[in-house]
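Sequence lines, in order, name chains D and U. Heads up, the first sequence is in the numbering used here, so the first residue is 1 and it goes up one at a time. Heads up, the second sequence is in the numbering used here, so the first residue is 1001 and it goes up one at a time. All C-beta atoms in this analysis are idealised placements derived from N, C-alpha and C, irrespective of residue type, glycine included.
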Amino acid sequence: MPIWKSLLSRPDAILALILLGAVVLAGVLAPLIFPGGPWRMVARPFIAPFTDMGHPLGTDALGRDLAVALIYGARTSLEIGLVSTCAAVLFGTAIGGIAGFFGGRVDSLLMRSTEMFQTVPSFALAILLVAIYSPSLLSIMAAIAVVSWPPVARLARAEFLSMRRREFVQAALLSGQSNLRVAWSQILPNVLSPLIVMAALMISMAILFESALSFVGLGDPQVVSWGYLISAGRGVMARSWWLTFLPGFSIMLTIVSISILGDAIGDSQDPHFERKETE
Amino acid sequence: MLKTVVSETAKRLVVILFVVTGAFLLVRAAPGDPAAFMAGEAGSGDPAFIAHLRAQMGLDRPLPVQLGYYLRDLAALDLGQSYREGRPVFDMIAERLPNTLALAGAAFLLALVMGTAAGFLAAIHRGRLIDRLISIGSVLFFSSPYYWVALMAILLFSGKLGWFPSHGTQTIGAGYTGMRALADYLHHLVLPATASALFSMAIYARLVRASMIETANALFVKAAHARGMAPVWIWLRHVLRTSLLPITTMAGVQAGQLVAGTILTETVFAWPGIGRLMYEALGARDYNVVIGVFLVTSMIVILSNLVVDLLYRFVDPRTRAA
């Protein structure tokens, strides 16, 4: 079944698609809709949501529009989620691919190092990296990529390993094609779909990571992010709970949407899925 | 058995060495020269003074020699001094570690028991309302930043309802002793432990459900049904017991994540553990403390993985022979 058809047959997937689409659209268009940026003080502080239609979600302690901040926050989350996931997937696939393709000593050396990385608690390592290299979009993306590539490497290794033994790969090698060419044109296209499903889930983990880093004060001070908004709202939580609630709620909706879509895509790619369900 | 214990332990020692070396190199590779920084603090940019400081701090020696000294200090449990408090980092961590272990331990047990129970309930009521509710709940908790869930819990359970205290480990000024003090500590522990547990609870629930449904189709379960055993007995003794294997593996991963995650929970609840210590040190750029907490957290994680790996061999008879 093609992916689109199977997505559109599930009401939860449609809802998730709409929500995620809105988040992506808002994030991409943020500078066009609100060219003034999120830091401008536009009204009196602590306007409650839905009371002033000029500022539908109200304002924060300094009179900045919360809706604008949330939209710019979406931009930051998506940017960091996408870039760090791409970096982690590229690096993980390269390491895992080399290990799985060549096997033997190369394989055991690379996989041992991957395991080492996996034993270190990822959040603590990310904090250490960002703290030492001082918080910026680049250091945050790099830190998230560094802590999230090992599972990709393991998956890619397993896939490459099983593909390596297939007849069409052997045939391509015997026909004199170089290793790189075979890996690129014969194996990679066949292992792409599990990697893509994994990447979708990694984006949501990256968004959670970024928000947690901002929450402990390790966000990029130049940009607004959802985690920063939560920690900024925390001090006035007893007075204006929505300033903490709404940014967290935005994270939750985004992650739920991504995981529903990831599940739906995963199911549609799995040929055994329907048989399993009817058993 | 002894042979596996020794070889597994040796493997972990290599990992610990790797982590320590990695942390050392990271700090050395960081932008900025600590000697120049200290000279600046002292109000002097004189190259001779900076060189003197570098020699004093051992920074003028070759990197491998520096690493050697660093390892020697660590072996003597010396994690350096805190710039901010002027005390040994090791003492500061040792003081607060019991609180973190209590929090992470309580959260770990809570997540394991409640998550397994939820997954079990969902599996035996598969497709019915209770299964749906548990599934929705676990998706939501899995998708929420748990420091945010913690803040919302404070808002509801200590702000609105007033059931639990929102911060600290004891009622200030109450002066409880003995059992009253313990009860007070536990009362303060409820919200932080639950908030930290929810994320892993969701993972366990999903895992137990999936694994039980898979096991329920296995031949040995069908055979048990055919022999006329009571369904409850089959679910508990055959299905649940077999499904506990993937849980053991996941528990090892989660134990580590919980300890690392206390940085967030302790920050929210002003819980005086090592996570809160790291948070405060981050704000003050007290890097020796940050690195110290990182190393101690990593050790705890590596050791708990070791324990789980050994337990696994014990729980699953098939891996014992291998």
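Q) In chain order, what residues of the region 1261-1274 of chain U put their CB closer than 9 Å to some CB of chain D? A) Residues of the region 1261-1274 of chain U whose Cβ lies closer than 9 Å to any Cβ of chain D, in chain order: G1261, I1263, L1264, T1267 and V1268.
Quiz prompt | Given 8 Å, three or more beta-carbon pairs between the region 1222-1239 of chain U and the region 1127-1144 of chain U | solution = Put simply, the region 1222-1239 of chain U does not touch the region 1127-1144 of chain U. Fewer than three CB pairs are less than 8 Å apart.
Check your understanding: How big is the Cα-Cα spacing for L1103(U) and S178(D)?
Key -> 55 Å
(Q) Between which residues of its own chain and G233(D) is the CB-CB distance below 6 Å, once the five residues before and five after are set aside? (A) L243 and T244
**Q.** 4-residue-minimum alpha helix (DSSP H) runs that sit fully inside the region 34-100 of chain D, ordered along the chain
**A.** Within the region 34-100 of chain D, no run of alpha helix (DSSP H) reaches 4 residues while sitting entirely inside it.
| From A1118(U), R1132(U) and A1048(U), residue whose alpha carbon lies closest to that of A1202(U) | A1118(U)
For chain D, is any of its Cβ atoms less than 8 Å away from the one on F1018(U)? yes
>> Can you tell me where the alpha helix (DSSP H) holding S1243(U) begins and where it ends?
In response: S1243(U) -> alpha helix (DSSP H) spans R1241 to F1269.
- Does DSSP put Q1081(U) in a helix, in a strand, or in coil? strand
message: Please state the DSSP three-state secondary structure of P121(D).
response: coil
**Prompt:** Who are the Cβ neighbours of D12(D) in its own chain at under 6 Å, not counting the five residues just before and after it?
**Reply:** I260
How would you write the range of the alpha helix (DSSP H) that F209(D) sits in, first residue to last? L188 to F215
- Minimum C-alpha distance to P1246(U) - residue among G1275(U), S1211(U) and A1076(U): S1211(U)
According to DSSP, what are the bridge partners of P1088(U)? Q1081(U)
Residues of the region 248-259 of chain D with Cβ closer than 7 Å to any Cβ of chain U, in chain order | G248, I251, M252, I255, V256 and S259
Problem - Residues near R40(D) in its chain [Cβ-Cβ closer than 7 Å; skip 5 each side] - result: R64
Taking a Cβ distance cut-off of 8 Å, strictly less, list which residues of the region 116-142 of chain D are near chain U, in chain order. So the close ones are M116, T119, V120, P121, S122, F123, A124, L125, I127, L128, L129, A131, I132, Y133 and S134.
Within-8 Å CB hit, S211(D) to chain U:
yes
Report the CB separation of L1121(U) from I1134(U) in whole angstroms; it is logged as a contact under 8 Å. About 6 Å; that satisfies the 8 Å criterion.
Pull up the CB-CB distance for S1196(U) and L1258(U), whole angstroms please, since I reckon it's below 8 Å.
6 Å
Have a look at A1023(U) and I1016(U) and give me their C-alpha separation to the nearest angstrom.
11 Å
| Taking C-beta to C-beta, are W149(D) and F91(D) nearer than 8 Å? | yes
Continuous alpha helix (DSSP H) stretch holding G1168(U): start and end = First-last for G1168(U): undefined, no H or E at that position.
Proximal chain C residues relative to F1294(U), where beta-carbon distance stays under 8 Å: In the displayed structure, chain C is absent; the protein chains listed are D and U.
Output, in sequence order along the chain, the residues in the region 208-234 of chain D whose CB is closer than 9 Å to any CB in chain U. L208, S211, A212, F215, V216, G217, L218, W226, G227, I230, S231, G233 and R234
Check your understanding: In whole angstroms, what separates the C-alpha of S1304(U) from that of V1190(U)?
Key -> 23 Å
Touching by the beta-carbon criterion (3+ pairs, under 8 Å), the region 213-231 of chain D and the region 244-254 of chain D: yes
Would you say R1054(U) faces chain D, with C-beta separation under 8 Å as the test? no
Problem set entry | alpha helix (DSSP H) segment containing M1152(U), residue limits | Counting along the chain, the unbroken alpha helix (DSSP H) around M1152(U) starts and ends at Y1146 to A1153.
| message | In this structure, how does DSSP classify F273(D) when only helix, strand and coil are distinguished? | response | Below a pLDDT of 50, predicted positions are generally treated as unreliable, and F273(D), at 46, falls in that range; no measurement from the model is reported.
message: Which residues in chain D have a C-beta closer than 8 Å to the C-beta of G1283(U)? List them in chain order.
response: G217
Report yes if the C-beta distance between L1264(U) and G217(D) is below 8 Å; otherwise report no.
no
F160(D) classed as buried or exposed, judged by whether at least 16 other C-beta atoms fall within 10 angstroms: buried
* Asked: On the three-state DSSP scale, how would you describe D1309(U)?
  -> helix
### Anticipated Cβ contact below 8 Å, S225(D) with S77(D), distance rounded
A Cβ-Cβ separation of about 6 Å places S225(D) in contact with S77(D) under the 8 Å criterion.
Residue-level contact to chain D via CB, A1322(U), 8 Å cutoff: Residue placement at A1322(U) cannot be trusted, given a pLDDT of 45 that sits under 50; the coordinates are not used to answer.
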